[in-house]
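Asker: Before I ask anything, here is the structure I am working with.
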Amino acid sequence: MLHCPAENLVFVHVPKNAGKSVRHALSRHAALSWSFLASDLGVSEARAERAMDEEVDVPGLGRVKPAHLPLPIMAMHFPQTWVTIRSARSFILTRPPRDRFFSALLQRLGEFADMRSIRADDPRVRQEAERVCAWLEGRGVFADVEYIHFSRQVDYADRAGKRIVSALFPLDRIGSAAQWLSNETGLHLEFAHDHARREPRKWAGALQPAARLVGRRVLPLAVKKAIYPLWMNSGLFADAAGRYEAIDLGPDVERFISDYYAADARLHAEAVTFAERQDLGVVA
1107 MLHCPAENLV FVHVPKNAGK SVRHALSRHA ALSWSFLASD LGVSEARAER AMDEEVDVPG
1167 LGRVKPAHLP LPIMAMHFPQ TWVTIRSARS FILTRPPRDR FFSALLQRLG EFADMRSIRA
1227 DDPRVRQEAE RVCAWLEGRG VFADVEYIHF SRQVDYADRA GKRIVSALFP LDRIGSAAQW
1287 LSNETGLHLE FAHDHARREP RKWAGALQPA ARLVGRRVLP LAVKKAIYPL WMNSGLFADA
1347 AGRYEAIDLG PDVERFISDY YAADARLHAE AVTFAERQDL GVVA
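Mind the numbering: the sequence shown is residues 1107 to 1390 in this note's numbering, read in order.
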């Protein structure tokens, strides 16, 4: 969650929905406060800001990422965070559930299985989807670090069936969010969504083992970090997200996504309508 006290504004970060882009834009044009999290964690505000990019242990909850807290978790374990969001204007970004699930799958494989350059159509993606669905089956609100990117989007908009956030916009119409922010707060922001996932082109797959070997055993960490963006944006890689819809995850997984994220599909449709009304100038 991001808080801009001067504008009485909160951004609730739904995992996988351009949170970094919003944070970068807000931090350039508004003063962010971390006092809410500092109070809840019992640390300094400077330490709380760092904690937003880390994992922390919370008594009674376990290890979580403060940047990714569903509203029911906030209300139960982060009282000052909850008070802050309830007293401010707030907004979220939404995304089609299947597209978000697929993106979360690839991020999970990169973070926890060291498969950062896996192609979206790799059979291991489908296998991981089955494992994730088995873990999610019958599960309500959660904040487990390894699965937080699969949490329901509706849990960042509602609590106990009641709408909490003031506004919601689809990720692909983030310009409507910028217009709403301008109208509501006077902030004039430009969002650069520059975190699109890249995957190796099919013909480049044979180069990956050798590249990984050099990266792990030869190059210093600082050098690897410096050249990684250049490597990922080279001609060996292509944008992956455009192919998600065409890749079949199997009937059981597809059915699970449709059922488990049914409320998210409705939420996203509502966000589309909200953005359309905003563009027409009929949103208060």
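C-beta: ideal position from N, C-alpha, C; glycine also.
1. To the nearest angstrom, how far is the alpha carbon of G1387 from that of A1371?
2. Going by DSSP, name the residue or residues bridged to G1168.
3. Buried or exposed for R1237, please, with buried defined as at least 16 other CB atoms from any protein chain shown within 10 angstroms of its CB.
4. Provide the residue span of the alpha helix (DSSP H) that contains S1127, from first to last.
5. Give the secondary structure of R1051 by DSSP, where H, G and I count as helix, E and B as strand, and everything else as coil.
6. Give every residue of the same chain whose Cβ lies closer than 6 Å to the Cβ of R1201, excluding the five residues on either side of it in the sequence, and list them in chain order.
7. If I measure Cβ to Cβ from A1377 and keep anything under 7 Å in the same chain, skipping five residues before and after, which residues do I get?
8. Once you ignore the five residues that flank W1337 on each side, which residues in its own chain have a CB closer than 7 Å to its CB?
9. Using 9 Å as the threshold, is the C-beta distance between L1295 and A1131 below it?
10. Have a look at Q1384 and P1326 and give me their C-alpha separation to the nearest angstrom.
11. Given T1291, which residues of its chain have a CB within under 7 Å of its CB, disregarding the five upstream and five downstream residues?
12. For L1211, which residues in the same chain have their Cβ closer than 8 Å to its Cβ, ignoring the five residues on either side in sequence?
13. In the DSSP assignment, what residue or residues form a beta bridge with L1108?
14. Can you tell me whether A1368 is buried or exposed, with buried defined as 16 or more other CB within 10 angstroms of its CB?
15. Along the chain, where does the alpha helix (DSSP H) containing R1195 start, and where does it finish?
16. Which residues in the same chain have their Cβ closer than 6 Å to the Cβ of L1167, if we skip the five residues on either side of it in sequence?
17. At the level of alpha carbons, what is the spacing between W1140 and D1358?
18. Less than 6 Å between C-beta atoms, sequence neighbours within five positions excluded: which residues of the same chain meet that for A1258?
Answerer: According to the structure shown:
1. As a first step, residue 1387 must be located in the sequence shown, where it is residue number 281. As a first step, residue 1371 must be located in the sequence shown, where it is residue number 265. In a straight line, the C-alpha of G1387 is about 24 Å away from that of A1371.
2. Taking the sequence shown and counting its residues from 1, the one referred to as residue 1168 is at position 62. DSSP output for G1168 lists V1164 as bridge partner(s).
3. As a first step, residue 1237 is located in the sequence shown; it is residue number 131 there, counting from the start. That one is exposed.
4. Counted from its first residue, the sequence shown places residue 1127 at position 21. 1125-1135 is the extent of the alpha helix (DSSP H) around S1127.
5. In the structure as shown, the chain starts at 1107 and stops at 1390, and residue 1051 therefore has no counterpart that could be examined.
6. Residue numbering aside, residue 1201 sits at position 95 when the sequence shown is read from its first letter. Correct list, in chain order: N1123, L1277.
7. One-based indexing of the sequence shown puts residue 1377 at position 271. Excluding sequence neighbours, A1377 sits near T1200, L1274, F1275, P1276.
8. The residue you call residue 1337 lines up with position 231 of the sequence shown. Low per-residue confidence applies at W1337: pLDDT is 49, beneath 50, and the placement is therefore not dependable enough to give any value.
9. Locating residue 1295 in the sequence shown gives position 189, where the first residue counts as 1. Locating residue 1131 in the sequence shown gives position 25, where the first residue counts as 1. Pairing L1295 with A1131 gives a Cβ-Cβ distance under 9 Å.
10. Within the sequence shown, the letter at position 278 stands for residue 1384. Within the sequence shown, the letter at position 220 stands for residue 1326. Near 49 Å, if we compare the C-alpha coordinates of P1326 and Q1384.
11. As a first step, residue 1291 must be located in the sequence shown, where it is residue number 185. Counting only Cβ-Cβ distances below 7 Å, and skipping sequence neighbours, we find E1113, L1115.
12. Along the sequence shown, read from residue 1 onward, the residue named residue 1211 stands at position 105. Counting only Cβ-Cβ distances below 8 Å, and skipping sequence neighbours, we find V1231, E1234, A1235, V1238.
13. Here residue 1108 refers to the residue found at position 2 of the sequence shown. According to DSSP, L1108 bridges with F1117.
14. Counted from its first residue, the sequence shown places residue 1368 at position 262. With fewer than 16 other Cβ atoms within 10 Å, it is exposed.
15. Within the sequence shown, numbered from 1, the residue matching residue 1195 stands at position 89. Run containing R1195: none in the alpha helix (DSSP H); it sits in the beta strand (DSSP E), 1195-1200.
16. What you label residue 1167 is simply residue 61 of the sequence shown in a count that begins at 1. Contacts found: H1183.
17. The sequence position of residue 1140 within the sequence shown is 34, counting from 1. The sequence position of residue 1358 within the sequence shown is 252, counting from 1. Their Cα atoms are separated by approximately 42 Å.
18. Position 152 of the sequence shown, counted from the start, is the residue given in the question as residue 1258. Position check: residue 1258 holds Arg in this sequence, whereas Ala was assumed. Result list for R1258: D1370, in chain order.
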